[in-house]
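Chains as they are written, first to last, in the working numbering: chain A, 1 to 120; chain B, 121 to 354.
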C-alpha cells in the first residue's frame, strides 16, 4: 500500500469519525447506535495502519487476494448492521402501535368526560 | 357478566350501520359494543359520529391486529368479563353471540365461531381459501395436538384472562391462528361452536388471491414460532 493511499484512507476514516461525533453532539444519533460505527471505523484504521495483519489473516483463511478478504469483512459488517437496523425498526413499530392504541383510548375517554360535563 | 363486542372497521362506510344495528337490536343490557375505526379513508368515521355510536378512532391504519388489540385494551380498562370480536363487514351473525357467551361461561377461555363444524349452506368462502384453512388447521393440530376447524375465524369470544393476555401481546397482521396456538400452549381452554357466516355485502375483502401465498407462508411461520416459544402456565 503506497503512503499516499494510506494518508488518503486515513483522512477519509478520520472525517467519518468526526462526522459521527458531530452527529452525536447534535443529538441526531444515539450513543448506543454510534458505538457500532465507532467499532467499524476502528477496524478500518487498524487495516490501514497494519495491512500485514490482513495478509496474515488471508493466509490463515486460505484467501488469495487481500481485497477479497476486505470485501468479505465489509459485507459481513453491513449484513450485521442492516440486521440490527431491522430489529430497531421492529421494536419501534411495536412501540408506535402501542402508543397509537393507548392515545386513541385516552381520546375516547376524554371525549366522554367532556360530553358528561356538557350535559350536566 | 359484562360483555363487550369489539367491532374492527376499516373502510366499512356501507356495512357498519347494518352491523352495529344488529348488536343494538339484541337489546341485551349486559352487552355493550365498541367500534374501532382503523384509520379508514372513507366516510366510516362520519357514519359513526352521525349515528352517535360508541367508537374509538385510531389516527392511522394499524391493521386488523392493532384495531382488535385496542378493543381488548378497552375491555380490560373498563373491566369487562367477556370480549367478543365481531367483524365490521357484516360477515358475522349476531344470533350466535349468545352461544359464544354460554361457552365462555361454561369455563372455556377462548371460543371460536367455526364455519366448518357442521355441513350447512352458509358462506364458506372460496375453495382456495378453504384449502388454506385446512392446511393451517392441520399445522395447528401438529403443533398443539388440538383440532381447530376454522383457525382464521375472526368471530370469537374470550374471558378476562385472555383479554388481559391479548392486551399485552397481539400480533399486528393475520393474528387469529397465531393467537389460538399461543392460548392452547398456555394450557388455556379453547373450543369451537358452529356458526353460519354471510358473504360480504359491500366492498372487497382485505385479502386477495395474489397475497394469499405470502399470507400462508407468514401464518405458517408464525404458528410454528408461537408453538415453540410459548410456555405453558402452571
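Note that CB positions come from ideal geometry on N, CA and C, so glycine has one too.
- Looking only at B:312, B:313, B:293, B:204, the smallest Cα-Cα distance to residue 181 of chain B is reached by B:293.
- As DSSP reads the structure, residue 311 of chain B sits in a beta bridge with B:231.
- Taking a Cβ-Cβ threshold of 9 Å, the residues of chain A close to residue 292 of chain B are 93, 94, 97, in chain order.
- Secondary structure at residue 16 of chain A: helix, using DSSP grouped into helix, strand and coil.
- In its chain, beyond the 5 residues on either side, 131, 133 have a beta carbon closer than 6 Å to the beta carbon of residue 162 of chain B.
- Residue 87 of chain A has a beta carbon lying at 8 Å or more from every beta carbon in chain B.
- Taking the Cα of residue 51 of chain A as reference, the smallest distance to any Cα among A:104, A:3, A:76 is reached at A:3.
- By the neighbour-count criterion, in which a residue is buried when 16 or more other Cβ atoms sit within 10 angstroms of its Cβ, residue 319 of chain B is exposed.
- If one requires a minimum length of 4 residues, the alpha helix (DSSP H) runs lying completely within the region 151-228 of chain B are 164-170, 184-197, 217-225, in chain order.
- Here the alpha carbons of residue 315 of chain B and residue 215 of chain B stand approximately 9 Å from one another.
- Out of B:308, B:274, B:124, the CA that lies nearest to the CA of residue 198 of chain B is found in B:124.
- As computed with DSSP, residue 63 of chain A is found in no beta bridge at all.
- With contacts defined by Cβ atoms closer than 8 Å, residue 344 of chain B and residue 263 of chain B form a contacting pair.
- By a beta-carbon distance limit of 8 Å, residue 105 of chain A contacts residue 193 of chain B. Their separation comes to about 6 Å.
- Straight across, the Cα-Cα distance linking residue 12 of chain A with residue 6 of chain A is about 10 Å.
- Where residue 297 of chain B is concerned, the enclosing alpha helix (DSSP H) starts and stops at 296-305.
- In the pairwise beta carbon analysis, the region 278-286 of chain B is classified as not touching the region 169-183 of chain B: fewer than three pairs are separated by under 8 Å.
- Boundaries for residue 146 of chain B: no beta strand (DSSP E) harbours it, and the DSSP string shows neither H nor E there.
- Excluding five sequence positions before and after residue 223 of chain B, the CB atoms of its chain that fall closer than 8 Å to its own CB belong to 231, 277, 311, 313, given in chain order.
- At a cut-off of 8 Å between beta carbons, residue 189 of chain B contacts chain A.
- Taken in chain order, the complete alpha helix (DSSP H) segments of 4 or more residues contained in the region 45-110 of chain A are 51-61.
- Under the 8 Å criterion on CB atoms, residue 39 of chain A is classed as non-interfacial with respect to chain B.
- Along the region 101-113 of chain A, the positions whose C-beta sits under 9 Å from a C-beta of chain B are 101, 102, 103, 104, 105, 107, 108, 109, read in chain order.
- Between residue 296 of chain B and residue 332 of chain B, the beta carbon gap of about 15 Å keeps them out of contact (Cβ cut-off 8 Å).
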